[in-house]
Amino acid sequence: MRAVTYVSPGEIDIIEKPIPKIEPDEVLLEVLGAGVCHSDLNIIRSPRRRHLIGTTLGHETAGRVVEVGSAVTTVDVGEEVLSFGLKFCDRCRECLAGRQNQCMVIAHRRRDPLGHGLGLDGGMADYMAIRAQQLDSLGGLDPVACAPLCDAGRTPMRAINSVRDRLLPDATVLVLGLGGLGHVGLQIVRAVSNSRIIAADIDEQKVAFAAEHGADLALISSEDTAERVMDETDGWGADVVLDFVGNQATMDTAVGCIATGGAIRSVGLGEGAFTFGPRYNGLPWGVNIDRFYGGNRTDMRHVLGLAYSGAININVVRYDLDDAKKAFDDLDNGRVQGRAVLVP
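With UniProt numbering, letter number 131 in the sequence shown gets 131, and the count goes up by one each step, no holes.
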């Protein structure tokens, strides 16, 4: 089978590999769609990910079950499913509390959690083996359109679920970055709340998308974005900031306009850092900052429910699997409006 493989630092290639053999608790998926994420670019460039050389990429996978292991009772051959890419033990304290993305066995403190396309062979291939417990039925949804929900939907859902109690009708939510995750996060906030949404991005097309998909105010990002937010909120600031970029500019914007008692959710994997002092020139009192690696099983099902209802729509750009290098290059150079998906 064909497999998009991390072959050397900064490089991918399409390699012929054997079709995976499955374990008793696994199924074999015929891949129908595999999302391409900035995390994939980070993997092939990061010095600390060199041990992943030789693995198949792809942590956003939708497919059709073509074989089931002897112990599998939850899915059937022919069923179209979506993968929860992270591996989890389902026995530790975190898993039993529903925080599978923080599994104590898999997600060590200084190491990224293990998952398909993240250490285990992923879905940028013709076939993928995966445990049945990591699958959800698509229920008739388009697998190509839904493949990015595995990450581009689930990760924003986790951030937004963590602030649901703050999404009041008189609250202001600032969405920074409207790319692969941010354009989905914007739609989720609109679907689950009546809060006022301010959205910002440096790309005019993405800002136009935000204006058409739920933002009450859509801004071209600039050095004065925080000041604009303060003006729009009569000096109070944003009650919630969802940063889907994570570079220094967006993190400074978040700190510069977060309200007293507000919440910042740092989702993007940029190279920024929070910089603030301990007193009045720093964060307002009571501000809560959190960051997540993906989301849990409940988040996955929540975002699938929104997709079933038509409340969210991922802007998908399709590429043939054989055009994986072009998809990576387009993503790297900002030519993808939404989410790239490889189709075998």
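Heads up, the beta-carbon is just placed ideally off N, CA and C, and yes, glycines get one too.
Does the CB of residue i have a neighbour CB from chain D at under 8 Å?
i: A263; result: Included in the structure is just one protein chain, with no chain D present.
What is the DSSP secondary structure of residue i, reduced to helix, strand or coil?
i: D142; result: coil
i: residue 347; result: The structure shown does not extend to residue 347, since the chain spans only 1 to 344, so no value can be given for it.
i: M104; result: coil
i: A62; result: strand
i: I43; result: helix
i: G180; result: coil
i: G282; result: coil
i: G185; result: helix
i: Y308; result: helix
i: M124; result: coil
i: N288; result: strand
i: R164; result: helix
i: L86; result: strand
i: K129; result: Here residue 129 turns out to be Ala, not Lys, going by the sequence shown. If DSSP states are grouped into helix, strand and coil, A129 belongs with the strands.
i: L52; result: helix
i: V72; result: coil
i: E94; result: helix
i: A273; result: coil
i: R190; result: helix
i: D329; result: helix
Have a look at the options and flag the residue whose alpha-carbon is nearest the alpha-carbon of residue i.
i: D13; options: M251, L174, M124, V65; result: M124
i: D203; options: R335, D170, M1; result: R335
i: E30; options: P113, G54, S46, V77; result: V77
i: R266; options: A129, W285, V65, T155; result: Strictly speaking, residue 266 in this sequence is Ser, with Arg absent from that position. Comparing Cα-Cα distances from S266 to each of A129, W285, V65, T155, the minimum goes to T155.
i: G33; options: C150, N161, I198; result: C150
i: residue 421; options: H51, L242, V36; result: Given a span of 1 to 344 for the chain in the structure shown, any question on residue 421 remains unanswerable.
i: Q205; options: A327, G310, N315; result: N315
i: G246; options: L176, L118, G119, V207; result: L176
i: Q337; options: R64, Y293, Q100, G182; result: G182
i: I43; options: V75, G98, P113; result: P113
i: A3; options: P47, P24, S46, G54; result: G54
i: V68; options: V27, G98, V105; result: V27
i: V192; options: P278, G180, A159, G179; result: A159
i: V75; options: G139, F328, K325; result: G139
i: D299; options: H51, Q100, E23, D329; result: Q100
i: L331; options: D25, L41, R297, I22; result: L41
i: R49; options: M1, H108, G119, R93; result: G119
i: I15; options: E23, I22, T5, P24; result: T5
i: H116; options: S137, L52, H38; result: L52
i: R291; options: A199, D329, I197, S162; result: S162
i: R297; options: Q133, V36, T56, C92; result: Q133
i: D142; options: D329, N313, N333; result: N313
i: R131; options: C92, F84, V184, Q102; result: F84
To the nearest angstrom, report how far apart residue i and residue j are at their CA atoms.
i: A210; j: L174; result: 12 Å
i: E79; j: R301; result: 17 Å
i: D121; j: I264; result: 33 Å
i: N194; j: D170; result: 8 Å
i: S70; j: P20; result: 16 Å
i: A249; j: T73; result: 49 Å
i: V65; j: K17; result: 19 Å
i: D201; j: T253; result: 12 Å
i: I106; j: A129; result: 18 Å
i: G179; j: I289; result: 22 Å
i: L82; j: M230; result: 41 Å
i: V207; j: F244; result: 14 Å
i: G272; j: M251; result: 7 Å
i: A311; j: A152; result: 15 Å
i: E232; j: K325; result: 43 Å
i: E23; j: G294; result: 25 Å
i: C95; j: D126; result: 30 Å
i: V317; j: G286; result: 41 Å
i: P47; j: H38; result: 16 Å
i: G282; j: L135; result: 44 Å
i: A97; j: H108; result: 17 Å
i: residue 345; j: N333; result: This structure cannot speak to residue 345, because the chain is shown only from 1 to 344.
i: G277; j: P284; result: 10 Å
i: G261; j: M1; result: 53 Å
i: R45; j: S137; result: 33 Å
i: F274; j: F328; result: 29 Å
i: I198; j: M157; result: 18 Å
i: A234; j: M104; result: Checking the sequence shown, residue 234 turns out to be Asp, not Ala. If I take the Cα positions, the gap works out to 44 Å.
i: R196; j: V184; result: 16 Å
Touch test, the segment 8–15 against the segment 87–94, Cβ-Cβ under 8 Å, three pairs minimum: These segments do not touch.
Stretch pair the segment 164–178 + the segment 54–71: three plus CB contacts closer than 8 Å: As far as the Cβ criterion goes, the segment 164–178 does not touch the segment 54–71, which means the pair count is below three.
At least 3 beta-carbon pairs within less than 8 Å: the segment 305–325 vs the segment 337–344: Yes, they touch.
Stretch-stretch touch, CB-based, cutoff 8 Å, three pairs: the segment 209–219 with the segment 140–151: By the Cβ criterion, the segment 209–219 is not in contact with the segment 140–151, since fewer than three pairs of Cβ atoms, one from each stretch, lie closer than 8 Å.
Stretch pair the segment 205–215 + the segment 237–245: three plus CB contacts closer than 8 Å: With a cut-off of 8 Å, the segment 237–245 and the segment 205–215 do not count as touching, because too few Cβ pairs lie within range.
At least three beta-carbon pairs within less than 8 Å, the segment 183–191 to the segment 302–311: Yes, the segment 183–191 touches the segment 302–311.
Within the segment 202–261, ranges of the alpha helix (DSSP H) (whole runs, at least 4 residues): Secondary structure within the segment 202–261: the alpha helix (DSSP H) runs of 4 or more consecutive residues, fully enclosed, are 204–212, 225–232, 248–257 (chain order).
The segment 224–231 contacting the segment 253–264, beta-carbon criterion three pairs below 8 Å: Touching, per the Cβ criterion.
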